[in-house]
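Below is one structure; the comments refer to it alone.
Number of protein chains: 2
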Amino acid sequence: MPETTRRADRANGSRYGNRPTMKDVAARAGVGLKTVSRVVNGEAGVTPDTERRVREAIEALGFRRNDSARVLRKGRTASIGLVLEDLADPFYGPLSRAVEEVARAHGALLINGSSAEDPEREQELALALCARRVDGLVVIPAGDDHRYLEPEIRAGVATVFVDRPAGGIDADVVLSDNFGGARDGVAHLIAHGHRRIGFIGDMPRIHTAAERLRGYRAAMEEAGIPVAEGWMSLGATDPERVRRATEEMLAGPDPVTAVFTGNNRVTVTVIRVLAERDRPVALVGFDDFELADLLQPGVTVVAQDAAALGRTAADRLFQRLDGAPGTPERIELPTRLITRGSGELPPAD
Amino acid sequence: MPETTRRADRANGSRYGNRPTMKDVAARAGVGLKTVSRVVNGEAGVTPDTERRVREAIEALGFRRNDSARVLRKGRTASIGLVLEDLADPFYGPLSRAVEEVARAHGALLINGSSAEDPEREQELALALCARRVDGLVVIPAGDDHRYLEPEIRAGVATVFVDRPAGGIDADVVLSDNFGGARDGVAHLIAHGHRRIGFIGDMPRIHTAAERLRGYRAAMEEAGIPVAEGWMSLGATDPERVRRATEEMLAGPDPVTAVFTGNNRVTVTVIRVLAERDRPVALVGFDDFELADLLQPGVTVVAQDAAALGRTAADRLFQRLDGAPGTPERIELPTRLITRGSGELPPAD
DNA sequence: CGCGCACCTGACAACGTTGTCCAGGCTCTA
DNA sequence: TAGAGCCTGGACAACGTTGTCAGGTGCGCG
Numbered sequence: 011m012p013e014t015t016r017r018a019d020r021a022n023g024s025r026y027g028n029r030p031t032m033k034d035v036a037a038r039a040g041v042g043l044k045t046v047s048r049v050v051n052g053e054a055g056v057t058p059d060t061e062r063r064v065r066e067a068i069e070a071l072g073f074r075r076n077d078s079a080r081v082l083r084k085g086r087t088a089s090i091g092l093v094l095e096d097l098a099d100p101f102y103g104p105l106s107r108a109v110e111e112v113a114r115a116h117g118a119l120l121i122n123g124s125s126a127e128d129p130e131r132e133q134e135l136a137l138a139l140c141a142r143r144v145d146g147l148v149v150i151p152a153g154d155d156h157r158y159l160e161p162e163i164r165a166g167v168a169t170v171f172v173d174r175p176a177g178g179i180d181a182d183v184v185l186s187d188n189f190g191g192a193r194d195g196v197a198h199l200i201a202h203g204h205r206r207i208g209f210i211g212d213m214p215r216i217h218t219a220a221e222r223l224r225g226y227r228a229a230m231e232e233a234g235i236p237v238a239e240g241w242m243s244l245g246a247t248d249p250e251r252v253r254r255a256t257e258e259m260l261a262g263p264d265p266v267t268a269v270f271t272g273n274n275r276v277t278v279t280v281i282r283v284l285a286e287r288d289r290p291v292a293l294v295g296f297d298d299f300e301l302a303d304l305l306q307p308g309v310t311v312v313a314q315d316a317a318a319l320g321r322t323a324a325d326r327l328f329q330r331l332d333g334a335p336g337t338p339e340r341i342e343l344p345t346r347l348i349t350r351g352s353g354e355l356p357p358a359d
Numbered sequence: 011m012p013e014t015t016r017r018a019d020r021a022n023g024s025r026y027g028n029r030p031t032m033k034d035v036a037a038r039a040g041v042g043l044k045t046v047s048r049v050v051n052g053e054a055g056v057t058p059d060t061e062r063r064v065r066e067a068i069e070a071l072g073f074r075r076n077d078s079a080r081v082l083r084k085g086r087t088a089s090i091g092l093v094l095e096d097l098a099d100p101f102y103g104p105l106s107r108a109v110e111e112v113a114r115a116h117g118a119l120l121i122n123g124s125s126a127e128d129p130e131r132e133q134e135l136a137l138a139l140c141a142r143r144v145d146g147l148v149v150i151p152a153g154d155d156h157r158y159l160e161p162e163i164r165a166g167v168a169t170v171f172v173d174r175p176a177g178g179i180d181a182d183v184v185l186s187d188n189f190g191g192a193r194d195g196v197a198h199l200i201a202h203g204h205r206r207i208g209f210i211g212d213m214p215r216i217h218t219a220a221e222r223l224r225g226y227r228a229a230m231e232e233a234g235i236p237v238a239e240g241w242m243s244l245g246a247t248d249p250e251r252v253r254r255a256t257e258e259m260l261a262g263p264d265p266v267t268a269v270f271t272g273n274n275r276v277t278v279t280v281i282r283v284l285a286e287r288d289r290p291v292a293l294v295g296f297d298d299f300e301l302a303d304l305l306q307p308g309v310t311v312v313a314q315d316a317a318a319l320g321r322t323a324a325d326r327l328f329q330r331l332d333g334a335p336g337t338p339e340r341i342e343l344p345t346r347l348i349t350r351g352s353g354e355l356p357p358a359d
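Keeping their order, the protein sequence lines are chains A and B.
For the first sequence, this note's numbering assigns the number 11 to the initial residue and increments by one for each residue that follows.
For the second sequence, this note's numbering assigns the number 11 to the initial residue and increments by one for each residue that follows.
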């Protein structure tokens with residue numbers, strides 16, 4: 011009773027609102043199903059006259075190929091997944107855009123989602139993307155254990171990590187030189203006469219935060235400056251905590267004369283706090299941001315190239331999809347110190 | 011000769027690297043295919059013991075359901091498409107994120123892409139998303155003719171436009187009150203004594219730009235101020251053009267004493283130009299931006315709520331997907347004037 | 001005039017999943 | 001103890017597309 015089954019099926023869900031299929035087009039054009047497929051896919055071997063009839067039928071019915079079915083048959087989805095931390099963070103905008111452009115150049119679509127810095131959500135998202143059978147995955151890790159991706163990678167999902175390395179698995183990764191950048195930034199402050207320099211950064215479990223702290227320590231050590239306990243503050247980057255941390259460093263008997271900030275969000279909050287004070291405090295921040303040059307003074311930063319991170323990672327991904335051999339690579343992109351004034355203020359002792 | 015066919019098929023593409031299927035799981039667990047399906051989907055009617063065996067097989071094989079096939083069968087993809095102008099633009103970050111959050115709350119994934127303000131690319135993208143059979147579409151229009159979406163909408167793809175209205179078709183749309191916001195912003199300048207007020211905006215074919223210009227004209231007219239030809243400049247928002255336009259308005263025998271800027275990017279460029287000058291010029295900008303309060307003076311803006319735009323549009327989309335009846339709606343969100351100093355400067359005549 | 005060949009075209013199976021339906025075994029009650 | 005009813009599990013078709021292969025048509029050449 012196939013007819014019954016069919017009716018029951020239809021009743022259940024609207025099934026794309028009963029869109030026309032190749033079968034419908036074929037019937038209308040008076041040709042075989044496969045001929046429609048050939049026309050739609052621009053395959054050779056169809057007479058101009060037949061092709062015209064098929065195209066007319068397609069037009070008349072408003073047919074559009076169902077790529078879901080196509081994917082099922084072909085095994086490739088021509089889409090890649092991007093798991094990032096927060097789409098709304100200005101740092102990730104250019105990164106996503108760069109990934110998108112590369113994907114576009116390869117005829118692929120981009121499916122993305124934010125982990126909100128929650129490892130569980132990262133995993134949930136990455137696996138959902140794998141279930142959709144994305145061809146590849148670009149991941150900005152939130153967690154530090156990615157063994158859950160092992161079966162997927164073995165099954166052929168190309169995977170590249172960006173901004174932070176993967177945990178527990180061996181995979182391609184594209185990073186900024188967080189250690190070197192932070193070291194240079196802090197050295198810059200030291201070169202301008204500062205010795206009491208504070209560091210305010212993100213939670214140490216985040217790789218970039220740890221690396222930047224390491225850079226800070228290295229610069230201080232190279233200059234022979236012992237670091238006081240109260241000069242380092244790591245934790246969440248919400249304005250309240252950062253404000254408190256900044257104020258504590260600036261109070262006390264031996265206040266810092268300069269601050270190195272571990273990322274964008276921290277920098278902005280610290281600027282606000284410093285703007286409320288009379289005594290000038292030097293500042294160098296990791297990450298560039300818009301309008302940094304228009305503030306008084308301009309904000310000196312260690313800039314990383316978010317777009318380049320995304321582009322490099324996506325390029326790598328498609329190389330792997332095209333069968334690039336070799337063991338996973340770790341690609342590190344340089345940072346750039348941009349001096350604008352705030353980092354060149356002398357210590358106000 | 012099915013065996014031959016099969017081998018040939020495999021040879022053709024790697025087919026997900028030969029991932030295990032439900033059939034493989036069933037074989038390993040010694041149960042029927044459908045039983046595996048039941049376990050995977052948490053359906054009732056499986057004994058605990060059978061379920062355990064199935065789960066073990068799933069674990070051992072690293073099986074993950076192929077959602078492509080599921081989609082084909084079920085007719086719903088649990089994904090929505092977002093076509094926006096530029097993912098890297100700070101205005102669209104929060105908007106995308108808001109759409110994503112709503113999608114997530116409904117168990118859907120987000121596929122998105124940037125049109126780069128190119129109508130052709132917008133169409134290409136939107137149709138590619140439809141071919142993937144996204145359940146719904148959120149579009150920030152680049153072009154002004156969306157009749158190409160008619161067959162899709164008729165076929166059941168819920169569609170909501172944001173930020174700018176659709177052209178040539180009747181669909182839900184969520185907008186900011188561009189006219190009212192601009193009018194209020196200009197009126198604010200007038201209230202502070204300005205009469206010679208410039209307007210620098212985006213290309214007039216963009217709806218928001220046209221509306222904001224209309225608001226400017228309305229405010230001027232209500233105040234009985236005739237608008238000189240040289241006070242209005244519409245065009246691309248690249249820094250070079252905006253810089254030139256600003257300088258022209260500030261030169262001449264009768265320079266403007268205040269400027270109203272039509273969007274984010276324009277505002278930033280104008281700030282740069284004004285910063286190079288001695289004579290203070292009042293400024294109110296459409297769109298808020300980070301650090302606007304930290305500049306000297308703080309920048310007065312007409313703020314729109316990008317996240318609310320995205321959230322409202324996505325909510326509407328899912329209402330439609332859940333069968334909300336009724337004719338397409340036009341939802342307009344209010345803007346908010348935020349005074350910070352630059353808009354309250356008196357005219358320097 | 002007949003044969004071979006190139007070229008079109010369409011029938012059919014398969015992709016991996018889910019909905020339907022039925023069989024068989026079990027329990028419970030009369 | 002037989003019959004009714006429930007629960008579990010599996011066979012089968014279908015979703016819309018593409019790869020394979022075979023049949024059919026028309027043409028050129030011997």
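Glycine residues also receive a C-beta, built at the ideal position from the N, C-alpha and C atoms.
Residue range of the unbroken alpha helix (DSSP H) whose run includes residue i
i               : result
A152 of chain A : Segment: none, A152 of chain A is in no alpha helix (DSSP H) and carries neither H nor E.
N274 of chain B : 274–285
I163 of chain A : 160–164
A220 of chain A : 217–232
A292 of chain B : Note, A292 of chain B: premise wrong, no alpha helix (DSSP H); beta strand (DSSP E) at 292–296.
R29 of chain A  : Where R29 of chain A is concerned, there is no enclosing alpha helix (DSSP H), given that its DSSP letter is neither H nor E.
M259 of chain A : 249–260
L43 of chain A  : 43–50
Beta carbon of residue i nearer than 9 Å to that of residue j
i               : j               : result
G195 of chain A : T310 of chain A : yes
D173 of chain B : T345 of chain B : no
T322 of chain A : F296 of chain A : no
D77 of chain B  : R143 of chain A : yes
H202 of chain B : G353 of chain B : yes
R38 of chain B  : A79 of chain B  : no
P104 of chain A : A302 of chain A : no
V312 of chain A : L343 of chain A : no
G146 of chain B : F328 of chain B : yes
V183 of chain B : I90 of chain B  : no
L199 of chain A : A176 of chain A : no
Cut-off 7 Å between Cβ atoms - residues of its own chain near residue i, not counting five sequence neighbours on either side
i               : result
P249 of chain A : T279
A21 of chain B  : Confidence in A21 of chain B is poor, its pLDDT being 31 and thus under 50, which makes the residue's placement unreliable; the coordinate value appears in the next sentence. Cβ neighbours of A21 of chain B beyond the five flanking positions: none.
D9 of chain B   : No answer is possible for residue 9 of chain B: it lies beyond the span of chain B, which begins at 11 and ends at 359.
E13 of chain A  : Confidence is the limiting factor: at E13 of chain A the pLDDT is only 32, short of 50, which leaves the residue's position unreliable, though a coordinate-based value still follows. For E13 of chain A, where only same-chain residues beyond five positions count, there are no Cβ hits under 7 Å.
Where the beta strand (DSSP E) containing residue i begins and where it ends
i               : result
N76 of chain A  : It is not in any beta strand (DSSP E) - N76 of chain A carries neither H nor E in the DSSP assignment.
I90 of chain B  : 89–94
D194 of chain B : Segment 188–201 is the alpha helix (DSSP H) holding D194 of chain B; no beta strand (DSSP E) there.
V269 of chain A : 268–271
M242 of chain B : 242–244
I68 of chain B  : First-last for I68 of chain B: 58–71, but that is the alpha helix (DSSP H), not the beta strand (DSSP E).
T169 of chain B : 168–172
F209 of chain B : 207–211
Chain-order list of residues whose beta-carbon lies under 8 Å from that of residue i (same chain, five-residue window excluded)
i               : result
A126 of chain B : E95, D96, A152
G42 of chain A  : A36
S24 of chain A  : Below a pLDDT of 50, predicted positions are generally treated as unreliable, and S24 of chain A, at 39, falls in that range; no measurement from the model is reported.
T15 of chain A  : Per-residue confidence for T15 of chain A stands at a pLDDT of 33, beneath the threshold of 50, marking its modelled position as unreliable; the derived number appears in the next sentence. If we look at T15 of chain A and ignore the five residues flanking it on each side, it has no Cβ neighbours.
Same chain, Cβ closer than 6 Å to residue i, five either side skipped, listed in chain order
i               : result
D154 of chain A : G177
### Task
At 3 residues or longer, and completely inside the region 303–354 of chain A: list those beta strand (DSSP E) runs for me, N to C.
310–313, 340–343, 346–348
### the region 210–222 of chain B in contact with the region 232–244 of chain B per 3-pair CB rule at 8 Å
yes
### Query
Between the region 132–144 of chain A and the region 128–136 of chain B, do three or more beta carbon pairs fall short of 8 Å?
no
### Message
Contact between the region 97–113 of chain B and the region 322–342 of chain B is defined here as three or more beta-carbon pairs at a separation below 8 Å; is this criterion met?
### Response
yes
#### Entry: Any 3 or more C-beta pairs closer than 8 Å across the region 223–234 of chain A and the region 253–265 of chain A
no
### Message
I'd like the ranges of any alpha helix (DSSP H) spanning at least 4 consecutive residues and lying wholly in the region 101–136 of chain A.
### Response
102–115
#### Entry: Meets three-Cβ-pair contact criterion under 8 Å: the region 52–71 of chain B and the region 80–90 of chain B
no
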